[in-house]
Amino acid sequence: MRHILSVLVENHPGVLRKVAGLFSRRGYNIDSLVVSETENEEISRMTIAVQGDDDILEQVIKQLSKLVDVIKIEDISNRPIVNKQLLLIKVKADIHTRIDIITLMDVFRARIAHIGRDSLIVEATGEQSKIDAIIETLKPFGIIELAKTGTVAMLREEEQ
Numbered sequence: 000m001r002h003i004l005s006v007l008v009e010n011h012p013g014v015l016r017k018v019a020g021l022f023s024r025r026g027y028n029i030d031s032l033v034v035s036e037t038e039n040e041e042i043s044r045m046t047i048a049v050q051g052d053d054d055i056l057e058q059v060i061k062q063l064s065k066l067v068d069v070i071k072i073e074d075i076s077n078r079p080i081v082n083k084q085l086l087l088i089k090v091k092a093d094i095h096t097r098i099d100i101i102t103l104m105d106v107f108r109a110r111i112a113h114i115g116r117d118s119l120i121v122e123a124t125g126e127q128s129k130i131d132a133i134i135e136t137l138k139p140f141g142i143i144e145l146a147k148t149g150t151v152a153m154l155r156e157e158e159q
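Position 49 (the sequence shown) corresponds to 48 in numbering that gives the first Met the number 0; numbering is contiguous.
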């Protein structure tokens with residue numbers, strides 16, 4: 000099962016190394032890791048996606064909570080969240096395929112970030128399933144280069 004952890008940490012050098020090292024030492028693989036500042040410049044948010052059963056998740060949370068720099072850990076996997084990834088993908092596009100690609104990307108609400116002589120760069124945001132679908136759709140055209148972020152997630156406002 001894929002779990003998403005929202006981890007608040009002190010914003011100073013070395014914290015990312017400590018967190019990544021903890022996963023490495025324990026033999027746990029990180030599916031994605033996004034680190035960014037929060038509204039408080041002294042605190043960073045790590046959004047960590049990890050595969051594993053509940054026992055693995057419990058161990059990860061226990062080990063993370065032992066780190067001095069960790070302020071708060073939340074498993075937001077089964078809570079109402081907004082989660083997105085960003086995709087930049089360069090795809091082969093000659094004069095004959097360009098319109099087809101642009102039309103397909105409109106379906107996904109993706110935008111064309113750059114038009115070159117022989118390629119297009121597509122920019123898209125969305126949940127992992129949408130990003131994966133865009134990649135699969137563009138494979139037949141010929142993917143030249145691909146870059147995507149990990150998952151960024153935030154809890155939705157609790158309904159009353």
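All residues carry an ideal CB built from backbone N, CA and C; glycine is no exception.
Quick caveat, the model's predicted, so the values are computed rather than measured.
For residue j and residue i, the rounded distance between their alpha carbons
i: Ile101; j: Ala146; result: 19 angstroms
i: Ile88; j: Thr148; result: 12 angstroms
i: Leu137; j: Val121; result: 10 angstroms
i: Lys71; j: Thr46; result: 12 angstroms
i: Asp169; j: Leu85; result: The requested residue 169 is not part of the displayed model; the chain covers only 0 to 159.
i: Ser35; j: Val14; result: 12 angstroms
i: Lys129; j: Val106; result: 11 angstroms
i: Arg173; j: Pro79; result: It is not possible to answer for residue 173, since the shown part of the chain is limited to 0 through 159.
i: Arg116; j: Gly125; result: 28 angstroms
Contacting residues, own chain, Cβ-Cβ under 8 angstroms from residue i (five flanking each side not counted)
i: Arg1; result: Asp30, Ala48, Val49, Gln50, Ser76
i: Leu119; result: Lys89, Val90, Ala92, Arg97, Ile100, Ile101, Ile111, His113
For residue i, three-class secondary structure by DSSP
i: Val67; result: coil
i: Met104; result: helix
i: Ser76; result: coil
i: Ile94; result: coil
Chain-order list of residues whose beta-carbon lies under 7 angstroms from that of residue i (same chain, five-residue window excluded)
i: Val69; result: Val6, Val8, Leu63
i: Ala109; result: Val121, Glu122, Ala123, Ile133
i: Gly141; result: Val90, Lys91
Sequence-distant residues of the same chain with beta carbon closer than 6 angstroms to residue i, five excluded per side
i: Gln159; result: A caution first: Gln159 carries a pLDDT of 47, below 50, which makes its placement in the model unreliable, though a value can still be read off. For Gln159, where only same-chain residues beyond five positions count, there are no Cβ hits under 6 angstroms.
Do the segment 57-64 and the segment 11-24 touch if we need at least three Cβ pairs shorter than 8 angstroms? Flag = yes, the segment 57-64 and the segment 11-24 touch.
Notebook entry, point to check: Do the segment 32-45 and the segment 2-14 meet, that is, are 3 or more Cβ pairs less than 8 angstroms apart?
Noted result: Enough Cβ pairs lie closer than 8 angstroms, so yes.
Exercise for review: Taking only runs that begin and end inside the segment 98-147, name each unbroken beta strand (DSSP E) of 3 or more residues, in chain order.
Suggested key: Counting only runs of 3 or more, we get 110-114, 118-125, 142-147.
- With a floor of 3 residues, list each beta strand (DSSP E) that falls wholly inside the segment 0-74, ordered by position along the chain. Whole beta strand (DSSP E) segments, 3+ residues: 1-9, 29-36, 42-50, 69-74.
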